[in-house]
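Note that the UniProt record's numbering numbers the sequence shown so that position 1 is 1, with each residue one more than the last.
One structure below.
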Amino acid sequence: MPLFGKCRQKATKKHTSKAFSLNEKAFFLLITNGSKEGLNTRELSIKVIKILDSATYLEPGYTSAYLNKLTSLIYLKKYQEAIKNIDQAIKSNPSDHSNYLKKGIIYRDYLLDRSKASVAFNKALMIAGEKAKRAKYSALGNDINVAFIIAFAKNKNSALAYLDKILIHYQNIKDVNQISNFKKLLMNNPLDKKAALQMFSNYSTL
Numbered sequence: 001m002p003l004f005g006k007c008r009q010k011a012t013k014k015h016t017s018k019a020f021s022l023n024e025k026a027f028f029l030l031i032t033n034g035s036k037e038g039l040n041t042r043e044l045s046i047k048v049i050k051i052l053d054s055a056t057y058l059e060p061g062y063t064s065a066y067l068n069k070l071t072s073l074i075y076l077k078k079y080q081e082a083i084k085n086i087d088q089a090i091k092s093n094p095s096d097h098s099n100y101l102k103k104g105i106i107y108r109d110y111l112l113d114r115s116k117a118s119v120a121f122n123k124a125l126m127i128a129g130e131k132a133k134r135a136k137y138s139a140l141g142n143d144i145n146v147a148f149i150i151a152f153a154k155n156k157n158s159a160l161a162y163l164d165k166i167l168i169h170y171q172n173i174k175d176v177n178q179i180s181n182f183k184k185l186l187m188n189n190p191l192d193k194k195a196a197l198q199m200f201s202n203y204s205t206l
């Protein structure tokens, strides 16, 4: 079982009609890999970026439109542009730890800047860790998020150790099974550059 699956979220929040229409168009191009238009990956990437640039011009706070550009920007090796788009998403939603994790991955895996990657990873851990702390072991998803960040920001063994540490606080069989299943996913899947890239495929029109 893979650690990631493509996320296909449709918007329930209201956006300007034109910006939403553009983001939706890019969304369907991405989830179909441009197959209906006969586009190769480079052509698809260029088209998606152009469409989404128009969407974010019309609605500068449209977070998912910035994030939907990332796989295309990475493919075209426009890594600094990818960072700029993540920063715009962070500006719109500074409490989303996943954007800092993505930022760290781009710095580490593509820009080879471990110092800036570490800053981004630490910010992701701080946000997710504070949410988990506030929940006081009442919402397992928060602790799973922390373990997920640790796995990619540090290493698999550190993430497994964190899961072992929190296990004592979760007695519900459903939670225990979820921790066990997540540990298996971590152990059975590589956490390499290719795996990290899948994180950017969580396309959305939200």
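Glycine included, each C-beta is placed from N, C-alpha and C at the ideal position.
Reduced DSSP secondary structure (H/G/I, E/B, other) of residue i
i, result
"Ser45", "helix"
"Ser138", "coil"
"Ser95", "coil"
"Ser17", "helix"
"Glu24", "helix"
"Leu39", "coil"
Endpoints, the alpha helix (DSSP H) within which residue i is located
i, result
"Gln88", "79–92"
"Asn188", "173–188"
"Lys193", "193–197"
"Tyr162", "156–167"
"Ser204", "Neither: Ser204 is in no alpha helix (DSSP H) and is coded neither H nor E."
"Tyr75", "70–75"
"Tyr66", "63–67"
Close Cβ partners of residue i (< 7 Å) along its chain, the five nearest in sequence each way excluded
i, result
"His15", "Glu59, Tyr62"
"Asp109", "Lys193, Ala196"
"Ser95", "Ile127"
Reference residue i, options the options, closest by Cα
i, options, result
"Gly129", "Asn145, Ala89, Lys78, Glu37", "Asn145"
"Ala26", "Leu186, Ile106, Ser45", "Ser45"
"Tyr162", "Leu140, Leu67, Asn172, Ile173", "Leu140"
"Asn68", "Ala159, Phe20, Ala153, Lys184", "Phe20"
"Leu125", "Thr71, Arg114, Tyr107, Lys154", "Lys154"
"Asn99", "Asp164, Asp143, Lys123", "Lys123"
"Phe182", "Tyr203, Lys102, Met199, Ala147", "Ala147"
"Phe28", "Lys103, Ala65, Thr56", "Ala65"
"Lys102", "Asp113, Arg114, Ala120", "Ala120"
Close-in-space but distant-in-sequence residues of the same chain around residue i (CB under 6 Å, 5 per side omitted)
i, result
"Asn93", "Thr63"
Beta-carbon contacts of residue i that lie in its chain and below 8 Å, excluding the five residues immediately before and after
i, result
"Asn177", "none"
Which ranges would you report for the alpha helix (DSSP H) in the region 110–139 if only whole runs of at least 4 residues count?
114–135
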